[in-house]
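Visitor:
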Amino acid sequence: MAGELLIGRRGHRSPINSVSSLIRDENAKPFWHAIGWISTLVPVLGLSYYAVVAAWAIDYLGLAAADSFNGFDGASSANTFNARIDRPIYQASLHAVFIAATVWVVANGINRGIERATKILMPALFGVLLIIVFYGMVAGDFAAAVRFLFNPDFDSLTSESVLVALGQALFSLGIGVGL
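The opening position of the sequence shown corresponds to residue 3 in our numbering, with each subsequent residue numbered one higher.
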């Protein structure tokens, strides 16, 4: 994502034209022009499912603000999720809120829309990550979490876990192609 932002900032154009300009300036092979097209087309595909997940995030943000997760276990989490998705009008409304926000950002162009949103949302993301880490240190067993994270258990490595990891990598790295 940072690379995409830097290419856009350097080119002062659309993704396709910024990459084309960079190719000319650096005498790169024309093959790299595909990156501009991919960075334009892939988000359209990604929007189809990310908008749904973003609507859920908006919903859960409201629940978290109301401290509705206190004492939750796995079963109550599943029940809450199922109860939320069984309300299609409500979910469609949240989806519409996210799509409206997306349209507003894109309609305001590069400087007043995307750059402004990035200047607000990227530090907010970093802040949320810090809050989550701090919360984990205070409320959970942070030492056990660090051990789990940094001490691999190769006995748990199965073909299914490899497929799950590949799926996660696809979605995580999808951000590098415009998602």
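Where is the CB? At the ideal position from N, CA and C, for every residue including glycine.
(1) For the region 93-100 against the region 59-78, do three or more pairs of beta-carbon atoms, one drawn from each stretch, fall closer than 8 Å, so that the two count as touching?
(2) Which class does H35 belong to by DSSP, given the choice of helix, strand or coil?
(3) Whose C-beta lies closer than 6 Å to the C-beta of I37 among residues of the same chain, with five residues either side of it excluded?
(4) On the three-state DSSP scale, how would you describe G178?
(5) How is N113 classed by DSSP in three states: helix, strand or coil?
(6) For N19, report the span of its alpha helix (DSSP H) as first-last.
(7) A68 and F100: beta carbons closer than 9 Å?
(8) Which whole runs of the alpha helix (DSSP H) in the region 57-126 are 4 residues long or more, in chain order?
(9) For G13, which three-state DSSP category applies?
(10) In whole angstroms, what separates the C-alpha of A103 from that of S23?
(11) Express the C-alpha separation of E6 and G178 in angstroms, rounding to a whole number.
(12) With the cut-off set at 9 Å, would you say I25 and T42 are in Cβ contact?
(13) Please confirm whether V107 and A119 have their CB atoms less than 9 Å apart.
(14) Which one of S50, S78, N81 and L151 has the shortest CA to CA distance from A98?
(15) Is G10 buried or exposed, if buried means 16 or more other CB atoms sit within 10 Å of its CB?
Guide: In short, the structure shows the following:
(1) yes
(2) helix
(3) V21
(4) Caution is warranted here: a pLDDT of 49 is assigned to G178, below 50, making its placement in the model unreliable, and no coordinate value can be reported.
(5) helix
(6) P17 to E28
(7) no
(8) 76-87 and 90-109
(9) helix
(10) 30 Å
(11) For G178, the pLDDT reaches just 49, beneath the cut-off of 50, and the residue's location in the model is therefore unreliable, although a value from the coordinates is still provided. Rounded to whole angstroms, G178 to E6 spans 8 Å at the Cα level.
(12) no
(13) yes
(14) S50
(15) buried
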